[in-house]
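Residue numbers (my numbering): 542 to 837.
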């Protein structure tokens with residue numbers, strides 16, 4: 542699908558994203574701590590199968606398996622030299638499944654460190670890593686780029702700028718929020734209003750929230766109100782975790798049910814969100830339940 546059709550459809554109706562990638566791949570055999578992005582090359586059939594499950598569940602948007610696809614993150618697995626191939630494959634696998642039935646979001650997660658002066662990574666180094674990933678995802682067929690799970694608005698500005706420089710016409714930027722004594726904040730202490738304002742100023746087309754720390758679905762509803770108020774005319778995306786992870790019998794579990802996600806979806810949409818979906822712990826069943834309460 543073309544970028545312009547995504548813009549037009551988003552103005553016409555709310556869209557449904559997909560759910561978790563990492564936790565789903567672990568259920569398909571990915572070992573904890575292993576590089577899920579490597580599966581784009583080593584186990585493409587399993588990655589395609591996950592995309593297929595979300596497409597069948599009703600997703601309008603499929604997210605590529607490239608969250609940790611920057612050279613800076615892949616270096617931790619000794620795979621920085623394969624970054625281009627991994628990201629191109631990520632987009633192509635999603636495109637092969639989607640055909641013309643869904644749009645492809647090229648996923649770009651944090652670069653895996655801290656920027657100067659808090660850390661040792663220069664803005665130029667981070668920008669180069671994001672730019673390389675963005676170029677590869679677009680080459681593979683992504684319709685838009687998703688800069689997600691961010692805490693530092695400076696990193697968002699760098700990543701969104703890199704995505705734009707690479708040629709992305711639609712860039713979605715989402716932050717991870719947590720509760721604080723003064724409301725919802727990112728790990729860096731950034732408010733929802735500031736986070737949204739800075740992402741939009743950097744060139745983001747859509748803004749919002751995904752992976753939160755200890756946030757209930759009601760928290761995400763309240764956060765949605767704040768995001769929509771700050772976003773003005775820009776569309777807002779909300780993709781919550783399926784609750785907070787808990788360890789049960791040696792396995793990480795998430796408590797929020799598919800039915801609870803469906804109910805929450807109606808509240809997110811009523812609050813003004815234009816894209817809803819899921820993050821950590823959410824499954825094709827969660828997405829199918831959300832689809833059931835949305836008009837196609």
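By construction, the Cβ of each residue, glycine as well, lies at the ideal position given by its N, Cα and C atoms.
- Item | Beta-bridge pairing of residue 719 - partner residues as DSSP gives them | 726, 754
- Item | Burial state of residue 572, where buried means 16 or more other Cβ atoms lie within 10 Å | exposed
- Query: Considering only the beta carbon of each residue, do residue 818 and residue 647 sit closer than 7 Å?
  - Reply: no
- Mind checking which residues open and close the beta strand (DSSP E) that includes residue 689? 685-691
- Task: May I ask you to list the residues that DSSP assigns as paired with residue 644?
- Result: 602
- Task: Return helix, strand or coil for residue 833, following the three-state DSSP convention.
- Result: helix
- Item | Other residues of its chain near residue 834: CB distance less than 6 Å, five sequence neighbours each side excluded | 803, 806, 807
- Proximity winner among 693, 561, 816, relative to residue 664 (alpha-carbon distances): 693
- Query: For residue 759, is the classification buried or exposed, using 16 other Cβ atoms within 10 angstroms of its Cβ as the cut-off for buried?
  - Reply: With fewer than 16 Cβ atoms within 10 Å of its Cβ, residue 759 is classed as exposed.
- Query: Tell me which same chain residues have a C-beta within less than 8 Å of the C-beta of residue 603, skipping the five on either side of it?
  - Reply: 559, 592, 595, 596, 635, 638, 639, 643, 644, 645, 646
- Best match in 809, 798, 799 for proximity to residue 778 [C-alpha to C-alpha]: 809
- Task: Please report how far the alpha carbon of residue 575 lies from the alpha carbon of residue 824, in whole angstroms.
- Result: 20 Å
- Task: Enumerate in chain order the residues of its own chain whose CB-to-CB distance from residue 672 is below 7 Å, with the five nearest sequence positions on each side excluded.
- Result: 703, 706, 707
- Query: With DSSP run on the structure shown, which of helix, strand or coil describes residue 615?
  - Reply: helix
- Please determine if the region 735-747 and the region 763-778 are in contact, where contact requires at least 3 C-beta pairs separated by less than 8 Å. yes
- Query: The beta strand (DSSP E) with residue 638 in it runs from where to where?
  - Reply: Element bounds for residue 638: not the beta strand (DSSP E) but the alpha helix (DSSP H), 624-639.
- Please state whether DSSP places residue 732 in a helix, a strand or coil. Secondary structure at residue 732: strand, using DSSP grouped into helix, strand and coil.
- Taking residue 579 and residue 625 to be in contact with their CB atoms under 8 Å, please state how far apart those CB atoms are, rounded to whole angstroms. In fact, because the Cβ distance is near 14 Å, the residues do not count as touching under 8 Å.
- Per-residue DSSP class, three states only, for residue 677: Assigned with DSSP and collapsed to three states, residue 677 falls in helix.
- residue 598 to residue 776, Cα distance in whole Å? 23 Å
- Query: How would you write the range of the beta strand (DSSP E) that residue 779 sits in, first residue to last?
  - Reply: Counting along the chain, the beta strand (DSSP E) containing residue 779 begins and ends at 777-779.
- Message: Here's the rule I'm using: 16 or more other beta-carbon atoms within 10 Å means buried, otherwise exposed. How should residue 711 be labelled?
- Response: buried
- Task: Have a look at residue 552 and residue 748 and give me their C-alpha separation to the nearest angstrom.
- Result: 15 Å
- Item | Whether residue 653 touches residue 614 by CB criterion (7 Å) | yes
- Query: Taking the continuous alpha helix (DSSP H) assigned at residue 845, which residues delimit it?
  - Reply: The chain is shown only over 542 to 837; residue 845 falls outside these bounds and no answer can be derived.
- residue 724, buried or exposed, once every other Cβ within 10 Å from all chains shown has been counted against 16: exposed
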